[in-house]
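Chains as they are written, first to last, in the working numbering: chain A, -4 to 478; chain B, -4 to 478.
Heads up, the beta-carbon is just placed ideally off N, CA and C, and yes, glycines get one too.
Heads up: the structure comes next, in structure tokens.
There are 2 protein chains.
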Amino acid sequence: MSALEKLRARLAELVDLSAIARLAEWDQLVMMPSAGGPARARQAATLARLRHERSTADEIGSWLADLDGQPLEPLEADLVRIARRDWERARRVPAELAAELAQAGAEGQECWQRARAEDDFAAFAPALQRNVELARQQGECLAEEGQSPYEGLLGEFDYGLRESDLRRLFASLARELPPLVADAEQRSPRRPLAVGVAAQEAAVRGVLARLGVESESWRVDVSAHPFTTWMSPRDTRLTTRYRDGDVESLLSSLHEYGHGLYERQIDRRLARTNLGAGTSMSIHESQSKLWENHVARSGAFAHVLAEEMGAGGFAVEPSELHASLVGVERSLIRVSADPLTYPLHIILRFELELALIAGELEVPDLPAAWAEQMWALLGVEVTSDAVGCMQDVHWSAGAFGYFPSYALGCLIAAQLWERMSEEIGPLEEQLRHGELRLIQEWLGERVHRHGRRLDTLPLVESATGTSLDVEPFVRYVAPLAGR
Amino acid sequence: MSALEKLRARLAELVDLSAIARLAEWDQLVMMPSAGGPARARQAATLARLRHERSTADEIGSWLADLDGQPLEPLEADLVRIARRDWERARRVPAELAAELAQAGAEGQECWQRARAEDDFAAFAPALQRNVELARQQGECLAEEGQSPYEGLLGEFDYGLRESDLRRLFASLARELPPLVADAEQRSPRRPLAVGVAAQEAAVRGVLARLGVESESWRVDVSAHPFTTWMSPRDTRLTTRYRDGDVESLLSSLHEYGHGLYERQIDRRLARTNLGAGTSMSIHESQSKLWENHVARSGAFAHVLAEEMGAGGFAVEPSELHASLVGVERSLIRVSADPLTYPLHIILRFELELALIAGELEVPDLPAAWAEQMWALLGVEVTSDAVGCMQDVHWSAGAFGYFPSYALGCLIAAQLWERMSEEIGPLEEQLRHGELRLIQEWLGERVHRHGRRLDTLPLVESATGTSLDVEPFVRYVAPLAGR
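Dropping the structure here:
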């Protein structure tokens, strides 16, 4: 076998191992009897260790060295380029540190669950402290020439993004969004809609069916926290959840669909290579946010949602349903935030995690800093740490540098949507009739098919012709405030 | 780390990989969208290849050499003894032959499915021919000093069994059972019971709940072919199937429960070692057959089954239900055979596969040989190859030497049941009231806890005080013929 063939075989093996690891995780969250937990944790750790060994092995370096300077087809050149990057980055974190990170992350999550339930930040602080210190070390290992540790961490989720990009974008948002919030709370207030679970289930089933979700290559299940995963491009698994008197299930189903569609529409030639996956967290989130914000929350698509809900036995006017999906209300909780205030929740977290990793904020001072920022950005008073700095799992699991992708996803979704509308004309009529094929195809062509061949920023430029920018998102939310 | 620690760590890794492979298989058969099949096959192959590499690696040999002659605790001595045996056996089959076997088995199954659907033995014959040839080579690799290739294959399923043991046992059965069949068809004829699916589901749920099947550490799902698997001792997954107007679901649920209970009651000290699994196919089958034949098919337990069926809305007299579960009828199909004729179906297959591997029967002559044996043993005329020599998947997948375990399971179950009855007294009262704890505990103590520390024959002797024998089974079926 040539070096390229050997490399490809190893990459295919790693793809298979990752798919199996995702299966083990999906099963744990959706199917597994609870008593299976401890054994599953060991099984997942074994898989992760094997995957780490096989992805950082010396022989990969010698194959890459053999390939150095060889003339390659463009696709193969990308494959080798990304393989080299992944291999070098994975080897920068020593095995002992990787093991400590995994263990501290697992212990941190356990500690966080208990501490959050008892609203006891002091009980959580030591675990968080440990995670911050280990993440800083990890960031130092991963940081490339001229990068900060935080940028090293950021590269794990969104390669090529700089701290300065984020500071600039988030500063614009922090300037432009708050003035809209007060007006939006008046003009587009939150209006709960008392839909029962059965009607929600019918609507979710009906809408997903219109999007092409069929049982031959998709599963739709229920889990405590909605997520999407995939075992292959033709085995996509969405999960959602239903709560009585709530329409979140509609938004979350479309959100999860966006993640699923992305992985399904990657160029088949990239399958079982290192390129055959979504390129970054923020591009992935842009795909889910596009379906959540621009489809599910559009006035036009509310006709389709209302129709499906009616078929499920709950009669509602499209305008009333739409109002319940876009209502604005400043609140403490990120995951239930409206589309306008959502990015402000992220900016708060970005600034605090940046300060934690830089050593400019000490863990014991986190609750006060959180309360202060929450007041400054959202004008909301933090009533307890459980709904304040302990509301999210991420830091407890050691994930720093992840939060920005949630806000970037909103921005990129708006930018893609504007560009799509310019190119294929106003989309209202199609949304109104639930005809989404042109949207699916445009996304497939402009975003999905590239897999990991383009990183976040080049992909945004390639798809939209402009660089990453906040204005399309501001234009998307402005009507909520009557602007 | 000491050699023993290194060995233990590798064995734990292999246990984890096997559990994950079982998860992938369970998911494929129970949950996976059908379009996920091709990718899943590749993922399973990758796992199998890695597992093979890690279980046959040279370093295991050097750890074993270091351990040679070292004083060890009894449990550790067993662990090392079985590790050596597994490692040596796995290395006897060259990697190329292992790959050919896997591929021919997969292709053979595909070919068989098509050929069986069209009742076209000629279309299947080349694939079967290839499987026979490869199995013969595999058997030659595996055969130990003085063993035939067939015994080499047999050792994969039931280590330590000899061809001569099987010939002797099966000759007794072939002599003792046929005279009972004609009488049993008169005295205990097959009586279908037109139970709907809902009542079956209720009965299965109710009965399994009485056996301790709770949702914290078990799953019960539906699959096309009932099977049981486990991801750990506290994550057991049964599957069953329901057909309208049939009581097979009751039998198969209890059967599968027997497999599940075995793996759950293995000594906890053996968990994550090479000893923490059922010891052989025939002992495993004895556990399923014990619950199927001696519990589910007993007149006493029919009271419990009838009560649960009544709770599910289907009123039936225990005696009527019992009659439908034990009715005898000579037929062509193994999987739906009654308890008396079942072993005759196995004897037929044993004799033919023995002849195929020994080169004494050519594949093109198989249909005629099958028909002849079917007539001789069961007095049934074979109407087509689809319900004749193509009815089972095993040979198409390359599994030769597996069938005997089905009949041995029946024999061992009867032998264990007799011994248990002698030791803890007549079990009728307990069966009648669904109190099964003493049975579960006796099996745990005498059979389950040993894991792989005892092979089939020593385990039978240890559990029953006698060697493997047909008489208890003959005594179990004799009442069906009024003897």
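Straight-line Cα distance separating residue j from residue i
{"i": "B:R76", "j": "B:A30", "result": "43 Å"}
{"i": "A:L45", "j": "A:L59", "result": "21 Å"}
{"i": "B:I15", "j": "A:T268", "result": "22 Å"}
{"i": "B:A197", "j": "B:A306", "result": "7 Å"}
{"i": "A:F165", "j": "A:L175", "result": "16 Å"}
{"i": "A:A318", "j": "A:L475", "result": "10 Å"}
{"i": "B:L206", "j": "B:L431", "result": "7 Å"}
{"i": "B:V388", "j": "B:G477", "result": "35 Å"}
{"i": "B:D360", "j": "B:A381", "result": "15 Å"}
{"i": "B:E211", "j": "A:P28", "result": "5 Å"}
{"i": "A:D11", "j": "B:A43", "result": "12 Å"}
{"i": "B:L265", "j": "A:Y337", "result": "51 Å"}
{"i": "B:R325", "j": "B:C106", "result": "29 Å"}
{"i": "B:S293", "j": "B:V465", "result": "20 Å"}
{"i": "B:F116", "j": "B:G134", "result": "25 Å"}
{"i": "A:L172", "j": "A:E113", "result": "34 Å"}
{"i": "A:P334", "j": "A:V321", "result": "7 Å"}
{"i": "B:Q108", "j": "B:A39", "result": "20 Å"}
{"i": "A:V455", "j": "B:E258", "result": "53 Å"}
Residue range of the unbroken alpha helix (DSSP H) whose run includes residue i
{"i": "A:V215", "result": "Unbroken run through A:V215 is the beta strand (DSSP E), 213 to 217; no alpha helix (DSSP H)."}
{"i": "B:R87", "result": "69 to 87"}
{"i": "B:P173", "result": "173 to 182"}
{"i": "B:G393", "result": "Here B:G393 belongs to no alpha helix (DSSP H), and DSSP marks it neither H nor E."}
{"i": "B:D61", "result": "53 to 62"}
{"i": "A:D549", "result": "Because chain A is modelled from -4 through 478, residue 549 of chain A falls outside the range shown and cannot be assessed."}
{"i": "A:Y471", "result": "466 to 472"}
{"i": "B:L265", "result": "That residue, B:L265, is in no alpha helix (DSSP H); it is neither H nor E in DSSP."}
{"i": "B:A110", "result": "90 to 112"}
{"i": "A:W437", "result": "432 to 441"}
{"i": "A:V358", "result": "Per DSSP, A:V358 belongs to no alpha helix (DSSP H) and is neither H nor E."}
{"i": "B:M276", "result": "276 to 284"}
{"i": "A:M304", "result": "296 to 306"}
{"i": "B:I342", "result": "337 to 353"}
{"i": "B:G273", "result": "Per DSSP, B:G273 belongs to no alpha helix (DSSP H) and is neither H nor E."}
{"i": "B:R447", "result": "From DSSP, B:R447 is part of no alpha helix (DSSP H); its letter is neither H nor E."}
Residues bridged to residue i (per DSSP)
{"i": "A:W225", "result": "A:T231"}
{"i": "B:V375", "result": "Answer by DSSP bridge pairing: none, since B:V375 is not bridged."}
{"i": "A:V323", "result": "A:P184"}
Beta-carbon gap between residue i and residue j smaller than 8 Å
{"i": "A:G253", "j": "A:S218", "result": "no"}
{"i": "A:L411", "j": "A:E280", "result": "no"}
{"i": "A:L349", "j": "A:Y145", "result": "yes"}
{"i": "B:V202", "j": "B:E312", "result": "no"}
{"i": "A:I419", "j": "A:L438", "result": "no"}
{"i": "B:T231", "j": "B:P221", "result": "no"}
{"i": "A:F398", "j": "A:F345", "result": "yes"}
{"i": "B:L18", "j": "A:A19", "result": "yes"}
{"i": "A:L129", "j": "A:L161", "result": "no"}
{"i": "A:A99", "j": "A:R125", "result": "yes"}
{"i": "A:W390", "j": "A:L123", "result": "yes"}
{"i": "A:H289", "j": "A:A408", "result": "yes"}
{"i": "A:E151", "j": "A:L137", "result": "yes"}
{"i": "A:L6", "j": "A:A78", "result": "yes"}
Option nearest residue i by Cα separation, candidates the options
{"i": "A:Q260", "options": "A:E251, A:G396, A:G271", "result": "A:G271"}
{"i": "A:M226", "options": "B:E436, B:A34, B:H443", "result": "B:A34"}
{"i": "A:F119", "options": "A:P362, A:L475, A:E430", "result": "A:P362"}
{"i": "A:Q(-2)", "options": "A:S167, A:R200, A:L67, A:E91", "result": "Before going on, a small fix: residue -2 of chain A reads as Ala here, not Gln. Of the listed residues, the one whose Cα sits closest to A:A(-2) is A:L67."}
{"i": "A:S457", "options": "A:I352, A:I278, A:G322, A:L249", "result": "A:I278"}
{"i": "B:A193", "options": "B:L24, B:G308, B:T274", "result": "B:G308"}
{"i": "B:L452", "options": "B:L351, B:A364, B:T274", "result": "B:T274"}
{"i": "B:G396", "options": "B:L343, B:G429, B:T378", "result": "B:L343"}
{"i": "B:V469", "options": "B:R170, B:P228, B:E48, B:E151", "result": "B:R170"}
{"i": "B:W370", "options": "B:E357, B:L339, B:T51", "result": "B:L339"}
Within-8 Å CB hit, residue i to chain E
{"i": "B:I15", "result": "This model lacks chain E altogether; the protein chains it does include are A and B."}
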